[in-house]
Each structure stands twice: as C-alpha cells, then as structure tokens.
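The structure appears right after this line, and notes come after that.
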Amino acid sequence: MYPDVIQRPCFYLFLSFILFSILHSSYSQVCYMNVTSSLLSSQQNFTAFETTLESVWYVGVSAVDITPPVGMWLAGYAMRDRPAESTIHNLWVKAVVLQDKEGNKGVIVGSDILGFTRELSERIKQRISKDLNIPPESVLLNSSHTHSGPVIENSLMPIYPIEGTDQIEKVKKYTTDLEEKVFQVVKNAVNNIKPAQVYYGKGLVRFAVNRRNNRESEIENQFEFRGPVDYSVPVFVAKLLEDDTITAIIFGYACHATVLSGYQWCGDYPGFAQEELQNKFPTAVAVFMAGCGADINPLPRRRVSLARQYGKELASAVEGVMEEGLEVLPSKLITRLKRITLELETPKSKEELEQIANDPNQLDYMRRSAIYLLRDLANGIPLRTSYDYPVQVWSVGGTPLIALAGEVVVDYAIYVKQRLGKNVVVLGYSNELMSYIPSVRVLREGGYEGDTSQLEYGMPAKWKESIEERILSAVESLWNEIQR
Ligand SMILES: [Zn+2]
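Sequential numbering of the sequence shown, starting at -19, is according to this note's numbering.
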C-alpha cells in the first residue's frame, strides 16, 4: 500500500505544479521540488494527502507603509483643531491575493485609513482590472476606520476646519500617492504568489460595546451592557506549502477604531493587533478587516494603553483560533459584486439648509455641512435622492465572505448570520465609504447613526426604511447565485 499512497498524490501534485509553472513561467523548478519534498517528508497519511491536493491555493502578500508626514490633518473627528504632531506606530496598506486551483483570483486589501471614497476605490479597481486583469468584483478594499489616520480627499470634508488652508493640497497629494501605493502593493502581491493552504476559523473577544445603548461617561461604573454586539473574530490563515511558514493572517472585528482621538498617527486597536500578530509570526502579513461596528465602540477608551490592550486581546483571540480552531478550505474561490439602489427620504429644502447654516446654536461642522450642500445647489448640482450601493459576496472555499460598504450597524451582521449561517464573515467599511448604513431599528430610534450623521456625509436626508431589506436580499441572492 505505502508506495501507491505516495505515488498518487505525487502525480496530482506534479500536474498541479506543471499547470502552475505554465501559468507563471517565472516560478522555478527548485520551488516545486521543495514543496514536493516537504510534503513527502511530513508524516501525513493518505487522507491528509488528498485533502492537501484538493486544497492547494496560490497566495501572495505585500505591505506598504502609508504613514503620512506630521503636519497633516487627522481623519474621523470634527473636534480636532490642529494637524498630527507625531507617530505612535506606522500606518500600512496590505494586500493578500488568493488564487484557487482553477486560476480564479481575489484580492483582499486592508488599510489603516478611515475609508476609501467611491472615486478613489473605482480608480484603484479600474487600474487593477486593466493592468492586472483582476475584475472589480474580485477586489475587496477594506479600511480599519482608524480615527488616527489621514484625511482622504473628498471624504467627510465639511467636518474638518481646513478649507482655504494648505491642508487641502496636502490631502490631495496624499490621496494621489495612496492610490499609487495601493495599486503597487496589489501588483507586488500578485507577482509573489506561491502554493499554499488556506484555513478558516472563528474566535471571539469582548471589548466591543454598543455605543447607542451604553454611555461612555458611565461605562466604568456599569456592570451590565445593553444593546446588540457581534463579538466574533473571523480568521483566515494562509500557510506556504514550500516551508510551512504562515504568510497571511486575515482577521476581523466589528468595532469602531476609536480608542484614540489625539494628534498622533496610529492604527488604533487594529494597528496594535496587526503589530502583535506580526511580532508573533514574523513571516506573516497580518491584515485587519473591519466588520459591522458602526454603532459599536471600544469602551472604555481614550488612552494609548487601552488601544494596545484591546489590540493584544484581539491578537490573542486570533492566536487561539490558529492554535486549535482552523479548518482547511478547499481551493475554490467565487466572487460577485452588484450595485443596488438605496433610496433617501425627501431631501432637505434650500430653506432648511439655510436655517442650519445660519443657526449660531448649531455645531460648526453641521453648519459647514449645510453650506457644502447649499453650494451644490447654487452650482446647479441637484441634491442626492439615492445611492448605487455596492454589495460584494465571495465564497472562499465555501465560507461566505460578505463585504458591505459604508459604516454598517451591527444589526446587519446579525441578520446576515441568521439568513446564511453563523460561519459567515460580514464586513463593513468595504470598497467605499458614503455614510452610515442604519437598520430599520436604528432609523426608527433616530440619533447619530440613523439621522444626524447623514449631513456631514453630504446626504441631504435619512435613508428610507427599504435600505435594510434591499441590502439583505441582495446578499442572499448573490449567495444563492454562487451556490448554484
Ligand atoms: Zn465611524
């Protein structure tokens, strides 16, 4: 029996790598030999060999430093009154390319920024499509939503008091450089793909608190937390076949990256988690993916030590999954993306906007937000009544990976899991950042995420309640299409 056991897998491995060599002529024979001998030298039985053959992926990773210079404005908060003064740790964009055994590619990009605008995202995706032949549905741009990263051009501009200053030029230049860096990091990852196995598992960590139902000022005296939260920590790991080293750790959490609100560049808790994992696994690129944490905050907060602590807790949850919770994923990738129309209520009138703009009791950034829309009206640009919202659904070896755009409240993670099963990975902050994405519950309750945040995002009204079912049925229908 023993010789047969060895020969059959070797034959399939041989075919697999011949195919790989044809597809990627730069890949060397030496590497093929290494992979084969490494597998042969391990004490695996026949079943394990077959599993391995069915699960050969090709994975490439790359990372690029995107730390802005000090002196640039930080994104996410309206109350800041001066630019960044120093750096806690560097900011990064990281790319992981997954290619299945049939050659289907998917690119996952993680980034220490607040979010990609639609224009920026589309420019990046078009270039990847044109130059690297990877279509937009196969590119997933996620942002950690750190509130200690740089302002991106045309994103939430009314909230920053920088109009007419040299900050505008700095932001523009930074955004142009960022676009180039994201493309280059994806290109590098594509050029570095090697045979690997991909694993999936899920852990949990509990520093996320529903911020609509628990007051930050009372949190340290509170013994029961209210409101929905998604504590899950999805983890994808890629291990190279040639030497068994871990090359990629992709992990997520549904919680705002808002521990910090100062004047230092920092990836916040996701930055510390990525740093911690890369220190523990020096061969790996660790990539954070933000989940549906729009109404969730890390509480308590405001201290660097807490950002570091939560980062370590999250990294520890990821390590736990890596230690005993991973399953091999079959080498099959399917990617889909479609745009659906989300409708807004009737836009505020010119008179209503003027009232906000001229109200001395309004917050400065609310007045500026109204002024921005009034300017559009004066320039003949009609106020928005709907948005073509991108819904991206992948199957990564059978695991559903749902990437939703905007600041998505936690209800969506819960509802998608109720419909598609608890192992589904649901991300927010993906592909483009246009506003909050409230559920019907949050819309009816009112408050920041369902109502008042709209204006600062340039939205002249609340979303209609149809938003929830439109997104959920789009997710469901794309997943059904994938499974057919
Ligand atoms: Zn946010």
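All C-beta atoms in this analysis are idealised placements derived from N, C-alpha and C, irrespective of residue type, glycine included.
(message) Below 8 Å on the Cβ atoms is my contact criterion, and I expect A237 with V267 to pass it. Report the Cβ-Cβ distance as a whole number of Å.
(response) For the purposes of this step, residue 237 is taken as the residue at position 257 of the sequence shown. For the purposes of this step, residue 267 is taken as the residue at position 287 of the sequence shown. Wrong, their Cβ atoms sit about 14 Å apart, outside the cutoff.
(message) Following a CB-centred definition, is E102 positioned closer than 6 Å to any heavy atom of ligand 1?
(response) Numbered from its first residue, the sequence shown carries residue 102 at position 122. No, since every heavy atom of ligand 1 falls outside the 6 Å radius drawn around the Cβ of E102.
(request) Could you work out which residue in F96, R364, V162 is closest to P136 when comparing CA atoms only? (result) For the purposes of this step, residue 136 is taken as the residue at position 156 of the sequence shown. Just to set this straight, residue 136 is Leu in the shown sequence, not Pro. Residue F96 is the option with its Cα nearest to L136.
(request) Kindly indicate which three-state DSSP category F268 falls into: helix, strand or coil? (result) Along the sequence shown, one-based indexing puts residue 268 at 288. Strand at F268.
(request) Could you check the C-alpha separation between W245 and R464 for me, to the nearest Å? (result) As a first step, residue 245 is located in the sequence shown; it is residue number 265 there, counting from the start. As a first step, residue 464 is located in the sequence shown; it is residue number 484 there, counting from the start. Taking the straight line joining both Cα atoms gives about 46 Å.
(request) From the DSSP output, in three-state form, read off A274 for me. (result) Numbered from its first residue, the sequence shown carries residue 274 at position 294. Three-state result, A274: coil.
(message) Would you say the beta carbon of E387 is closer than 6 Å to some non-hydrogen atom of ligand 1?
(response) On the sequence shown, position 407 is the one that residue 387 refers to. Result yes, Cβ under 6 Å from ligand 1.
(message) Please state the DSSP three-state secondary structure of M155.
(response) Position 175 of the sequence shown holds residue 155. The sequence shown places Thr at residue 155, rather than the Met named in the question. Reduced to three states, the DSSP call for T155 is helix.
(message) For V422, which residues in the same chain have their Cβ closer than 6 Å to its Cβ, ignoring the five residues on either side in sequence?
(response) Looking up residue 422 in the sequence shown gives position 442. Excluding sequence neighbours, V422 sits near V389, E429, G430.
(message) Looking only at its chain, what residues have a beta carbon closer than 7 Å to the beta carbon of I462, apart from the 5 residues adjacent to it on each side?
(response) Numbered from its first residue, the sequence shown carries residue 462 at position 482. Same-chain partners within the cutoff: I314, R316, V373, S375.
(message) Please report the straight-line C-alpha distance between G144 and V405, rounded to a whole angstrom.
(response) As a position in the sequence shown, residue 144 is number 164, starting the count at 1. As a position in the sequence shown, residue 405 is number 425, starting the count at 1. If I take the Cα positions, the gap works out to 42 Å.
(message) Pull the bridge partners of T379 from the DSSP assignment, please.
(response) Locating residue 379 in the sequence shown gives position 399, counting from the first residue. DSSP lists V376 as partners of T379.
(message) Am I right that E325 and K442 are in contact with their C-beta atoms under 8 Å? What's the rounded C-beta distance?
(response) Here residue 325 is taken as the residue at index 345 of the sequence shown, counted from 1. Here residue 442 is taken as the residue at index 462 of the sequence shown, counted from 1. About 5 Å separates the two Cβ atoms, so the contact holds.
(message) Can you tell me whether M269 is buried or exposed? The criterion is at least 16 other CB atoms within 10 Å of its CB, across all chains shown.
(response) The sequence position of residue 269 within the sequence shown is 289, counting from 1. Flag for M269 reads buried.
(request) Could you pull out every residue in the same chain whose Cβ sits closer than 6 Å to the Cβ of F216, ignoring the five residues on either side in sequence? (result) Working through the sequence shown from its first residue, we reach residue 216 at position 236. Cβ within range, chain order: Y180, I230.
(request) Specify whether the segment 45 to 55 and the segment 146 to 165 touch according to this definition: at least 3 beta carbon pairs, one from each stretch, less than 8 Å apart. (result) yes
(request) Look at the alpha carbon of L400 and the alpha carbon of L309, and state the distance between them as a whole number of angstroms. (result) Indexing the sequence shown from 1 puts residue 400 at position 420. Indexing the sequence shown from 1 puts residue 309 at position 329. About 18 Å.
(message) Could you check whether the segment 104 to 115 touches the segment 183 to 198, counting it as contact only if at least three pairs of C-beta atoms, one from each stretch, sit closer than 8 Å?
(response) Using a C-beta cut-off of 8 Å, the segment 104 to 115 makes no contact with the segment 183 to 198, since fewer than three inter-stretch Cβ pairs fall below that distance.
(request) Assign S446 to one of two classes, buried (16 or more other C-beta atoms within 10 Å of its C-beta) or exposed (fewer than that). (result) In the sequence shown, residue 446 corresponds to position 466, counting from 1. Counting Cβ neighbours within 10 Å, S446 comes out exposed, since fewer than 16 surround it.
(request) For the segment 431 to 439 and the segment 352 to 371, state whether three or more C-beta atom pairs, one from each stretch, are separated by less than 8 Å. (result) The segment 431 to 439 makes contact with the segment 352 to 371: 3 or more CB pairs, one atom from each, lie closer than 8 Å.
(request) Find out if the Cβ-Cβ distance for the pair D80, R192 is shorter than 7 Å. (result) Here the question's residue 80 lines up with position 100 in the sequence shown. Here the question's residue 192 lines up with position 212 in the sequence shown. Not a contact, by the Cβ cut-off of 7 Å.
(request) Following the continuous alpha helix (DSSP H) through L100, name the residue where it begins and the one where it ends. (result) Taking the sequence shown and counting its residues from 1, the one referred to as residue 100 is at position 120. Segment 98 to 112, the alpha helix (DSSP H) holding L100.
(request) Identify whether T67 lies in helix, strand or coil by the three-state DSSP scheme. (result) Sequence index remark: in the sequence shown, residue 67 carries index 87 (1-based). When DSSP states are grouped into helix, strand and coil, T67 belongs to the strand group.
(request) Over the uninterrupted alpha helix (DSSP H) stretch that includes Q547, give me the two end residues. (result) Because the chain here runs from -19 to 464, residue 547 falls outside it and cannot be looked at.
(request) Measure the alpha-carbon distance for Y395 versus C272 and round it to whole angstroms. (result) Taking the first residue of the sequence shown as position 1, residue 395 is located at position 415. Taking the first residue of the sequence shown as position 1, residue 272 is located at position 292. Each residue's Cα considered, the two are about 11 Å apart.
(message) Please state the DSSP three-state secondary structure of A385.
(response) Locating residue 385 in the sequence shown gives position 405, counting from the first residue. Under the three-state reduction of DSSP, A385 is assigned to coil, being neither helix nor strand.
(message) Please identify the residue among L322, T321, I320, A337 whose C-alpha is closest to the C-alpha of K328.
(response) Position 348 of the sequence shown, counted from the start, is the residue given in the question as residue 328. Closest by alpha carbon: A337.
(request) Pick helix, strand or coil for K219, following the three-state DSSP scheme. (result) To locate residue 219, count along the sequence shown from 1; it is residue 239. Strand at K219.
(message) Tell me the DSSP secondary structure of Y12 in three-state form.
(response) Position 32 of the sequence shown, counted from the start, is the residue given in the question as residue 12. In this predicted model, Y12 has a pLDDT of only 29, less than 50, meaning its place in the structure is not dependable enough to derive any value.
(message) Using a 10 Å radius around the Cβ and a threshold of 16 neighbouring Cβ atoms, would you call P440 buried or exposed?
(response) Position 460 of the sequence shown holds residue 440. With 16 or more other Cβ atoms within 10 Å, it is buried.
(message) Quick check on the DSSP output: the beta strand (DSSP E) that includes Y179 runs from which residue to which?
(response) Reading the sequence shown from its first residue, position 199 is the one you call residue 179. Looking at the DSSP string, the run of the beta strand (DSSP E) that includes Y179 is 174 to 184.
(request) Tell whether a beta-carbon distance below 7 Å holds between S484 and V87. (result) Look at the range of the chain in this structure, -19 to 464, and you will see that residue 484 is not part of it.
(request) Pick out whichever of I68, L33, I451, Q147 has its Cα sitting closest to the Cα of Y249. (result) On the sequence shown, position 269 is the one that residue 249 refers to. Looking at the Cα atoms, I68 is the closest of the given residues.
(request) Take L333 as the anchor and find which of M59, E323, A358 has the nearest alpha-carbon. (result) For the purposes of this step, residue 333 is taken as residue 353 along the sequence shown, with counting starting at 1. Of the candidates M59, E323, A358, the one whose C-alpha sits nearest the C-alpha of L333 is A358.
(request) Check L452 in the structure and name its three-state DSSP category. (result) The count along the sequence shown starts at 1 and reaches residue 452 at position 472. L452: helix per DSSP, three-state reduction.
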